[in-house]
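> Quick one: this structure, given as structure tokens, is what I'll be asking you about.
Number of protein chains: 2
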Amino acid sequence: MRLLLLSNSTMPGEPFFTWPRQLVKDFLPAQRQRIAFVPFAAVSFSMDEYADTVAKMFDELGHELVSLHRASDPIAALDSTSAIAIGGGNSFQLLKLLYKHDLVRAIRHRAKDGLPYIGWSAGSNVACPTIMTTNDMPICEPPSLRAMNLVPWQINPHYTDQRIAGHGGESRDQRIAEYLELNRESTVVGLREGAALSVVRGAVSILGAGMRVFRRTKMPVDIGADRSLRIDLADVDNA
Amino acid sequence: MRLLLLSNSTMPGEPFFTWPRQLVKDFLPAQRQRIAFVPFAAVSFSMDEYADTVAKMFDELGHELVSLHRASDPIAALDSTSAIAIGGGNSFQLLKLLYKHDLVRAIRHRAKDGLPYIGWSAGSNVACPTIMTTNDMPICEPPSLRAMNLVPWQINPHYTDQRIAGHGGESRDQRIAEYLELNRESTVVGLREGAALSVVRGAVSILGAGMRVFRRTKMPVDIGADRSLRIDLADVDNA
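Chains as they are written, first to last, in the numbering used here: chain A, 73 to 311; chain B, 73 to 311.
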């Protein structure tokens, strides 16, 4: 497997997809690739707009984009490509449409077979066993919260340990602790904005801003940027 | 119907259930009531602890608490009480357990018949048509996101227009706008912390800190504290 799982596409105040551009360039082969794009997480803008924006970005990197929302047969379109990119937005809407087009299984199989997979935000959530560690509002109801299960841990994208001053709602850490209370064997990777995980044949690298790893019975562990872990991330004691 | 729907139980830094205590006192009859309590939203603390804490609060107001998690037949226990209180915590866990005990329908019918209903946070979410405007993490999977549908709008509890500085994740207003994009006829009431809605035979009053009302085609409208609306909240133009 070859996965590049990004916390977010864009840092506040920067143009679209600035910080991870070099990571994506390094992750893909240098020669021109045809990349299947999944814009299904788009809600507050159209999938056409989304695909055009991402196509421009990949074009600047020398690659061609095929947006699956424009394909009459998305699975056939997927089979004509040499990598897949799944964009952020709303995780519930993304997963609902992936199920609708029978793409959860199809993308999972191809990623397992080595098709390079790039996801950001909601696109990283759906690479996990479930979308239960999303930050998104449940604005629609997918048939299940189970997702592609390409990695054994749950990612919490846009992870932050900051809070709004004087606000009583739960902090991110409290929400993740609640998740672990009901899902006791799980590991949650809080990926800070500007951070990514790459998984290449079982070797996991932390790229960019770093992350916080949560398990139910342990104190959360902060792991800094640019560490390579040649172990399972669940084994954070040795990290 | 008699509903008291609170944004939150407790302001940051205050003892449990301080700000809404007088509202609850005024909402209930002066004579001693037996109150059915639903502690199912508890995740990071036990239902026993939750019930004990809330029993103490109601005892101070002169009322008796019957926690439904201790009843072998929760519906029969509900029928022995003269009001219901549904506590906050995680909305997904709350709704999952309400369905498990067949209480979504049972509580709905009794509330429709006039049983006074007090909810806070997740307990206010489940009074709405769905829990799709919760802030909670989807840490488990209820059989449906549909809830009791006692009011025609969606409540967003702990509503805030504040953001974490330098964080790129969606603001609350953006999340609500996404909800409205997929649920175009809906109205969302963002209840600020320290705010509540009371509904007494169709007359809606805004108590405490005020709220922001969202519809898809309109600018959000801020409505201040202590307004009585003798109209449907969806008609915010005339509010």
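Ideal placement from N, C-alpha and C gives every residue a C-beta, glycine not left out.
1) So Phe164 (chain B) and Cys212 (chain B) are in contact, right, with Cβ under 8 Å, and what is the actual spacing, rounded?
2) Flag this pair as touching only if the stretch 122-135 of chain A and the stretch 221-236 of chain A have three or more C-beta atom pairs under 8 Å; answer yes or no.
3) In or out: Asp208 (chain A) buried (at least 16 other Cβ within 10 Å) or exposed?
4) Interface residues of chain A around His230 (chain B) at Cβ under 8 Å?
5) With 8 Å as the C-beta to C-beta threshold (strictly closer), list the residues of the stretch 195-212 of chain B near chain A in chain order.
6) Suppose contacts are defined by Cβ-Cβ distances below 8 Å. Is Phe89 (chain A) in contact with Ser79 (chain A) by that definition?
7) What in chain A is Cβ-close to Pro84 (chain B), meaning under 8 Å?
8) Would you kindly work out how many angstroms separate the C-alpha atoms of Ala113 (chain A) and Met220 (chain B), rounded to a whole number?
9) Distance check for Leu167 (chain A) and Leu40 (chain A), CA to CA, integer angstroms please.
10) Determine the chain A residues that contact Gln165 (chain B) at a beta-carbon separation under 9 Å, and present them in chain order.
11) Val293 (chain A): buried (16+ other C-beta within 10 angstroms of its C-beta) or exposed?
12) Determine whether the beta carbon atoms of Leu76 (chain B) and Ile179 (chain B) lie at a separation below 8 Å.
13) So that I know if they touch, is there some Cβ in chain B lying closer than 8 Å to that of Val115 (chain A)?
14) Counting pairs of Cβ atoms below 8 Å between the stretch 282-290 of chain A and the stretch 246-265 of chain B, do you hit three or more?
15) I need the DSSP call for Val293 (chain A), collapsed to helix, strand or coil.
16) Using the Cα positions of His181 (chain B) and Leu95 (chain B), report the straight-line distance between them to the nearest angstrom.
17) Select from the stretch 85-110 of chain A all residues with a C-beta closer than 8 Å to any C-beta belonging to chain B, and list them in chain order.
18) Would you check if the distance between the CB atom of His239 (chain A) and the CB atom of Pro92 (chain B) is smaller than 8 Å?
19) For Leu217 (chain A), go through chain B and note every residue whose CB falls closer than 8 Å to its CB, in chain order.
20) Considering only heavy atoms of the ligand SAM, does any lie closer than 7 Å to the CB of Ala113 (chain B)?
21) Which one or two residues does DSSP pair with Gly191 (chain B) in a beta bridge?
22) I'd like to know if Gln226 (chain A) contacts chain B, where contact means its C-beta is closer than 8 Å to some C-beta of that chain.
If we stick to the structure as given:
1) 5 Å
2) no
3) buried
4) His239, Gly240, Gly241
5) Ile203, Met204, Thr205, Thr206, Asn207, Asp208, Met209, Pro210, Ile211, Cys212
6) Not in contact: Phe89 (chain A) and Ser79 (chain A) (Cβ atoms no closer than 8 Å).
7) Gly238, His239, Gly240
8) 28 Å
9) With chain A running from 73 to 311 in the structure shown, residue 40 (chain A) is simply not present.
10) Glu250, Leu254
11) Exposed.
12) The beta carbons of Leu76 (chain B) and Ile179 (chain B) sit no closer together than 8 Å.
13) yes
14) no
15) strand
16) 24 Å
17) none
18) Remark: C-beta atoms of His239 (chain A) and Pro92 (chain B) do not approach each other more closely than 8 Å.
19) Pro210, Glu213
20) Absence of the ligand SAM from the depicted structure is noted, as is the absence of any ligand whatsoever, leaving it without description.
21) B:Leu77, B:Ile158.
22) Output row for Gln226 (chain A): interface = no.
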